[in-house]
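Undergrad:
There are 4 protein chains.
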Amino acid sequence: MCRWLAYSGSPVNLEELLYNQQNSLVVQSRHSRLGAETTNGDGFGVGWYGDGPTPGIFRSTEPAWNNRNLHELCAHAHSRRVFAHVRASTGTAVQETNCHPFRHGRWLWMHNGSITGFHEMKRDLALAVRPDLYPDIEGSTDSEHFFFLALTQGLEDDPPTALAEAVGIVERVARTHGVEFPMQMTVATTDGETTWAFRYSSEGRSRSLFHSADVSTLREQYPDNPQLHQLSDDARLVVSEPLGDLRGAWREVPDASSVVVRGGHIELSPFAPKDPPQ
Amino acid sequence: MCRWLAYSGSPVNLEELLYNQQNSLVVQSRHSRLGAETTNGDGFGVGWYGDGPTPGIFRSTEPAWNNRNLHELCAHAHSRRVFAHVRASTGTAVQETNCHPFRHGRWLWMHNGSITGFHEMKRDLALAVRPDLYPDIEGSTDSEHFFFLALTQGLEDDPPTALAEAVGIVERVARTHGVEFPMQMTVATTDGETTWAFRYSSEGRSRSLFHSADVSTLREQYPDNPQLHQLSDDARLVVSEPLGDLRGAWREVPDASSVVVRGGHIELSPFAPKDPPQ
Amino acid sequence: MCRWLAYSGSPVNLEELLYNQQNSLVVQSRHSRLGAETTNGDGFGVGWYGDGPTPGIFRSTEPAWNNRNLHELCAHAHSRRVFAHVRASTGTAVQETNCHPFRHGRWLWMHNGSITGFHEMKRDLALAVRPDLYPDIEGSTDSEHFFFLALTQGLEDDPPTALAEAVGIVERVARTHGVEFPMQMTVATTDGETTWAFRYSSEGRSRSLFHSADVSTLREQYPDNPQLHQLSDDARLVVSEPLGDLRGAWREVPDASSVVVRGGHIELSPFAPKDPPQ
Amino acid sequence: MCRWLAYSGSPVNLEELLYNQQNSLVVQSRHSRLGAETTNGDGFGVGWYGDGPTPGIFRSTEPAWNNRNLHELCAHAHSRRVFAHVRASTGTAVQETNCHPFRHGRWLWMHNGSITGFHEMKRDLALAVRPDLYPDIEGSTDSEHFFFLALTQGLEDDPPTALAEAVGIVERVARTHGVEFPMQMTVATTDGETTWAFRYSSEGRSRSLFHSADVSTLREQYPDNPQLHQLSDDARLVVSEPLGDLRGAWREVPDASSVVVRGGHIELSPFAPKDPPQ
């Protein structure tokens with residue numbers, strides 16, 4: 006299990022975003038409050054969008070909390086869109102290619118949760134990946150295979166449908182392996198313009214997910230909070246767990262839901278798996 | 006702060022020693038029960054004695070819990086004397102030369118605790134190290150400097166006196182820097198034949214330390230425990246915290262004490278710092 | 006491209022084997038004489054047999070030449086059978102799961118060379134792996150997929166046939182992808198009792214391979230060479246390139262050949278790929 | 006020995022600077038043409054100036070040539086002033102705190118060469134460092150100690166004099182240890198506005214050093230070279246060895262010289278050590 010954060014808005018300094026919060030993601034790497042594991046020390050990753058055609062990704066197998074290069078990078082980088090993730094391995098190797106976010110072209114993907122029975126189902130899931138995409142799977146995690154299933158089902162064209170069908174494939178394959186509740190997930194993906202996040206588990210008991218409240222409303226409520234004044238009106242965060250205790254700042258995303266962040270607009274919808282046409 | 010273990014006895018498999026215990030040192034790297042920090046994920050080290058003139062040391066900056074090379078090494082190595090340590094950095098860099106145990110010739114050294122005000126006192130402590138030993142300090146920790154102070158004071162000839170004087174130097178230097186309670190320590194050292202361990206803090210509130218009880222007595226008490234039957238009569242452990250819940254298996258070493266392990270004999274003595282002749 | 010060494014004989018100290026030679030494998034990691042690349046700095050691995058049911062493997066992404074843990078491990082370990090490998094990546098990620106030797110049960114496998122067009126052929130090769138073995142592929146290299154093809158074709162029962170068929174599969178798949186000369190290889194594998202090594206390339210221009218000469222003959226020839234006197238009569242090495250300049254000590258294995266080492270017996274045979282029954 | 010590069014001018018993309026050159030620094034990490042070692046694979050470092058009060062530094066113990074994080078960082082970062090270094094250890098540990106560039110406040114420092122007899126002279130050199138600076142020495146290299154000697158002698162106020170005196174101290178200490186020719190160096194340092202570089206060896210046989218020629222002159226000479234058109238008129242490089250074969254693009258800095266780069270102005274002066282007042 007893992008912890009993650011997705012930011013969009015005016016360009017933000019990554020140190021401000023990932024370190025200078027009461028319960029920042031770097032704090033969560035050592036002491037998560039709501040995670041399945043308190044320690045998320047099996048590597049980390051940051052993806053950030055700049056001028057180039059694809060986002061940058063910096064990933065390491067070391068714990069985030071004492072990694073100097075991460076701190077240096079964050080202190081000197083600004084970005085209008087950041088994905089960040091701290092990992093607690095559920096068994097697969099601790100290596101950079103297993104760290105999130107994963108990247109495909111302009112797309113990033115990160116996942117908290119796991120696919121129960123993944124080892125047994127791995128070949129069937131890999132076979133369901135589009136043949137021309139298959140060779141680009143670099144690591145060995147359930148999370149990356151899930152990403153490639155979503156790409157196969159058209160993530161780049163219609164993310165909600167692609168996600169629903171990717172989960173549908175996982176659940177269908179699981180049934181043939183006798184796994185009752187395979188999927189446990191909160192997942193976030195972006196093309197650099199819009200963020201989609203999903204909360205779902207086959208069992209109906211998914212991991213926590215929150216989005217931030219409207220910044221202008223919060224500023225009225227807390228006129229003296231300096232962090233709120235640095236944020237643009239359209240700044241939004243989607244997170245595994247709140248970054249602080251500011252009352253009213255965080256809204257829980259319900260189980261079996263998706264949340265779409267376009268500029269400052271947040272749209273919640275129900276989410277359900279869908280069996281793709283075979 | 007850190008967690009450590011010192012074993013002596015008949016040759017033991019390192020996997021048995023470091024992994025196959027209810028509250029093994031590898032478990033403690035992620036979830037310590039009694040440590041100042043629950044997570045000891047800033048590297049680890051193992052020192053073990055074999056046929057060679059000096060013990061081997063294997064150290065890494067990665068957390069112990071998911072390190073495959075540590076598990077491989079342990080699965081295939083046996084030793085009659087093992088020092089093992091999992092680290093929680095108190096600020097110095099996460100690098101192999103800062104991981105315990107430290108080695109000098111046949112001697113190993115490992116430390117849980119810290120020297121308060123070390124950064125300010127570092128030069129004065131380094132100057133107190135014997136000039137011919139100074140260039141062998143490789144890392145930047147308080148713990149390694151403390152080792153070299155003990156070597157300077159004659160660790161190889163009379164460990165208890167060398168320790169008392171090394172702590173005396175630290176406390177004397179601390180006074181000139183206005184630091185009231187500089188030393189917090191449990192420390193273990195060995196020449197490959199005898200283990201000396203010390204529990205002390207300037208403030209009188211030192212970290213926990215335990216030694217194992219007599220194996221033959223435990224075997225009578227627990228005739229059905231298979232692990233006890235693999236151990237030789239003279240097998241002894243000194244540890245930061247018990248490796249399991251077996252009642253009667255662990256005896257706490259009192260504050261301000263030293264414990265000497267020679268074969269199966271355990272000797273407790275009071276420990277107090279001593280101002281060395283200037 | 007890479008460099009490797011396979012030792013069998015009386016228990017040898019790994020430092021003696023991997024460091025204390027004029028052109029040792031650790032020297033070759035920085036300055037190979039005969040390799041396709043002079044630098045083999047993209048990680049290394051050592052596999053060694055001891056008492057346990059499976060061999061140990063120690064692998065790292067760092068260059069071998071300055072890796073302290075490798076030197077420590079080697080200084081303190083002895084083994085009657087050692088596989089060691091230094092890697093020059095041909096494009097796949099530098100990560101431990103891509104370092105050789107690979108292990109399956111009691112078997113080890115290491116490879117110098119590459120499969121041309123691997124990225125495009127990866128899915129087809131993966132599909133040719135036995136479904137129950139597929140999930141155990143951990144890395145992303147051509148070398149590991151080749152190992153799993155050989156396992157699929159019965160490596161554990163009949164290594165020469167399994168190798169011939171595995172190469173046959175690679176060449177058959179290559180034809181469907183328009184790759185003329187896919188296979189470039191010297192490869193070694195062992196079950197802990199016998200070593201099989203193979204030299205072959207589709208193009209007929211394979212990388213160098215040597216085996217050591219009879220130890221007792223060499224001792225007669227060089228009565229004053231101390232290293233020869235430490236070796237048992239049945240000690241044998243198979244290597245990518247000679248470890249020194251001792252005249253008569255090394256015999257080249259011809260292209261399109263296999264060499265089998267059983268105790269002190271060395272048997273050379275022709276090697277040719279074989280199309281397996283579909 | 007090592008290889009390094011110092012850039013100043015209009016903001017440049019780091020990938021363009023460190024990768025996209027015929028004989029780029031990343032190429033030199035594996036195949037240096039003029040270095041004492043062809044392989045500079047014992048870590049690397051990049052320092053770059055942005056908006057913040059201090060430059061960022063990204064350092065790693067892995068070889069530069071296959072490090073994905075370095076490539077990602079470079080692809081997404083721009084800077085008007087960059088120091089970059091690839092390391093070949095002369096014996097000290099391969100760890101991040103031994104990688105160049107070193108940083109102190111706004112200053113960066115990197116060094117190619119070594120101090121002969123450093124191990125023996127280490128304590129005397131450390132004692133010559135200003136006591137309040139001493140605790141900030143984090144690693145164990147001759148290069149970092151040299152930096153701290155220069156800081157002690159007033160690097161931040163008068164770099165040429167500080168360098169001359171720092172070398173004077175090294176040579177004075179060397180005489181007391183019977184080392185005839187201790188210093189071998191090309192070194193670069195900057196405060197973010199000006200770059201100073203020095204080429205000197207006690208023996209009079211120092212490592213190569215070059216600076217780039219005037220950009221506008223080169224553009225007239227090579228009107229069709231696209232790289233030259235991306236550079237601003239005041240862009241200047243100081244390098245261990247030329248990044249390409251463009252005739253006229255590189256001027257060697259003579260032995261026993263310093264070069265100061267202020268905007269597009271380059272000033273060469275003789276350099277000689279100076280015994281500081283004791």
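Protein chains in written order, with my numbering: chain G, 6 to 283; chain P, 6 to 283; chain F, 6 to 283; chain A, 6 to 283. Glycine included, C-beta positions come from ideal geometry on N, C-alpha and C.
Can you tell which of Leu19(P), Asp280(P) and Arg86(P) has its C-alpha closest to the C-alpha of Val266(P)?
TA: Closest option to Val266(P), Cα to Cα, is Arg86(P).
Undergrad: Taking buried to mean at least 16 other C-beta atoms within 10 Å of its own C-beta, is Arg128(F) buried or exposed?
TA: When all chains shown are included, Arg128(F) counts as buried.
Undergrad: Which residues in the same chain as Thr44(G) place their Cβ atom closer than 7 Å to its Cβ, once the five residues preceding and following it in sequence are excluded?
TA: Counting only Cβ-Cβ distances below 7 Å, and skipping sequence neighbours, we find Arg35 and Ala93.
Undergrad: Have a look at Ser206(F) and Ser213(F) and give me their C-alpha separation to the nearest angstrom.
TA: When rounded, the distance between both Cα atoms is 11 Å.
Undergrad: Can you tell me which of Ser274(P), His234(P) and His90(P) puts its alpha carbon nearest to the alpha carbon of Arg8(P)?
TA: Answer by Cα proximity: His90(P).
Undergrad: So with CB distances below 7 Å, who are the chain P contacts of Gly55(F)?
TA: Ordered by position in chain P, the residues that pass the 7 Å Cβ test against Gly55(F) are His81.
Undergrad: Under a Cβ-count criterion, where at least 16 other Cβ atoms within 10 Å of its own Cβ denotes burial, should Gly144(G) be classed as buried or exposed?
TA: So Gly144(G) counts as buried.
Undergrad: Restricting to runs no shorter than 3 residues, where is the beta strand (DSSP E) found entirely within the segment 200-228 of chain A?
TA: Complete beta strand (DSSP E) runs here, min 3: 215-217.
Undergrad: Restricting to runs no shorter than 3 residues, where is the beta strand (DSSP E) found entirely within the segment 240-278 of chain F?
TA: Runs found: 241-244, 255-257, 262-267 and 270-275.
Undergrad: Starting from the N-terminal side, write out each stretch of the alpha helix (DSSP H) that is 4 residues or longer and does not extend beyond the segment 104-178 of chain P.
TA: Runs found: 123-132 and 147-157.
Undergrad: For Arg241(P), count neighbouring C-beta atoms within 10 Å of its own C-beta (all shown protein chains included) and say buried if the count is 16 or more, exposed if not.
TA: With 16 or more other Cβ atoms within 10 Å, it is buried.
Undergrad: Can you give me, in chain order, the residues of the segment 121-140 of chain P that have a beta carbon less than 8 Å from any beta carbon in chain A?
TA: So the close ones are His124, Glu125, Lys127, Arg128, Ala131, Leu132, Pro136, Tyr139 and Pro140.
Undergrad: Strictly below 8 Å CB to CB, what residues from chain G border Thr102(F)?
TA: Simply Ala98, Gln100 and Ser145.
Undergrad: Report the option in Asp162(G), Arg111(G), Gly183(G) and Asp141(G) whose CA atom is closest to the CA atom of Gly57(G).
TA: When only C-alpha atoms are compared, the closest one is Arg111(G).
Undergrad: Between Pro165(P), Gln189(P), Gln158(P) and Asn28(P), which has its C-alpha nearest Leu273(P)'s C-alpha?
TA: If we check each option's Cα against that of Leu273(P), Pro165(P) comes out closest.
Undergrad: Whose CA, out of Arg64(P), His83(P) and Met126(P), lies closest to the CA of Thr181(P)?
TA: Answer by Cα proximity: Met126(P).
Undergrad: So which residues on chain F does Ile62(P) lean against when the C-beta distance must stay under 9 Å?
TA: Near Ile62(P) (Cβ distances below 9 Å), the residues of chain F are Arg73, Asn74 and Glu77.
Undergrad: Could you name each continuous beta strand (DSSP E) segment of 3 residues or more that falls completely within the segment 22-62 of chain A, going from the start of the chain to the end?
TA: The segment 22-62 of chain A contains these whole beta strand (DSSP E) runs: 49-53.
Undergrad: Once DSSP output is grouped into helix, strand and coil, what is the label at Ala11(F)?
TA: In the structure shown, Ala11(F) sits in a strand (DSSP, three-state: E or B).
Undergrad: CA-CA distance, Trp255(G) and Phe215(G)?
TA: Taking the straight line joining both Cα atoms gives about 6 Å.
Undergrad: In the segment 244-273 of chain F, which residues sit with their C-beta less than 8 Å from some C-beta in chain A, listed in chain order?
TA: Of all residues in the segment 244-273 of chain F, none has a Cβ within less than 8 Å of some Cβ in chain A.
Undergrad: Please report whether the beta-carbon of Arg35(G) lies at a distance below 8 Å from any beta-carbon of chain P.
TA: Yes, contact with chain P.
Undergrad: Comparing alpha-carbon positions, which option in Asn103(G), Thr59(G), Arg177(G) and Gly197(G) lies nearest Tyr12(G)?
TA: If we check each option's Cα against that of Tyr12(G), Gly197(G) comes out closest.
Undergrad: State the Cα-Cα distance for the pair Thr95(F) and Gln33(A), rounded to the nearest angstrom.
TA: Taking the straight line from one Cα to the other gives about 18 Å.
Undergrad: Is the Cβ-Cβ distance between Glu20(A) and Cys104(A) less than 8 Å?
TA: The answer is no: Cβ separation not under 8 Å.
Undergrad: Out of curiosity, what's the CA-to-CA distance linking Thr157(P) and Gln100(A)?
TA: Rounded to whole angstroms, Thr157(P) to Gln100(A) spans 27 Å at the Cα level.
Undergrad: Just how far apart, CA to CA, sit Ile120(A) and Arg204(A)?
TA: Their Cα atoms are separated by approximately 14 Å.
Undergrad: Return the CA-CA distance between Glu246(F) and Gly55(F), expressed in angstroms with no decimal places.
TA: Taking the straight line joining both Cα atoms gives about 26 Å.
Undergrad: Residues of chain A with CB closer than 8 Å to the CB of Thr66(F), please, in chain order.
TA: Chain A residues near Thr66(F): Glu67.
Undergrad: Determine, using beta carbons only, whether Glu149(G) and Phe123(G) come nearer to each other than 8 Å.
TA: Not in contact: Glu149(G) and Phe123(G) (Cβ atoms no closer than 8 Å).
Undergrad: With DSSP as the reference, label Asn74(G) as helix, strand or coil.
TA: Reduced to three states, the DSSP call for Asn74(G) is helix.
Undergrad: Flag this pair as yes or no: are the beta carbons of Ser262(A) and Trp201(A) separated by less than 8 Å?
TA: Contact flag unset, no.
Undergrad: Just list the residues that DSSP pairs Ser65(P) with in beta bridges.
TA: Answer by DSSP bridge pairing, in chain order: Phe49(P).
Undergrad: Examine chain F for any beta-carbon lying closer than 8 Å to the beta-carbon of Gly46(A), and answer yes or no.
TA: Output row for Gly46(A): interface = yes.
Undergrad: Any idea what DSSP makes of Thr95(A), helix, strand or coil?
TA: Residue state, collapsed to three classes: coil.
Undergrad: Taking the alpha helix (DSSP H) that Gln232(G) belongs to, which residues open and close that run?
TA: Gln232(G) -> alpha helix (DSSP H) spans Pro231 to Gln235.
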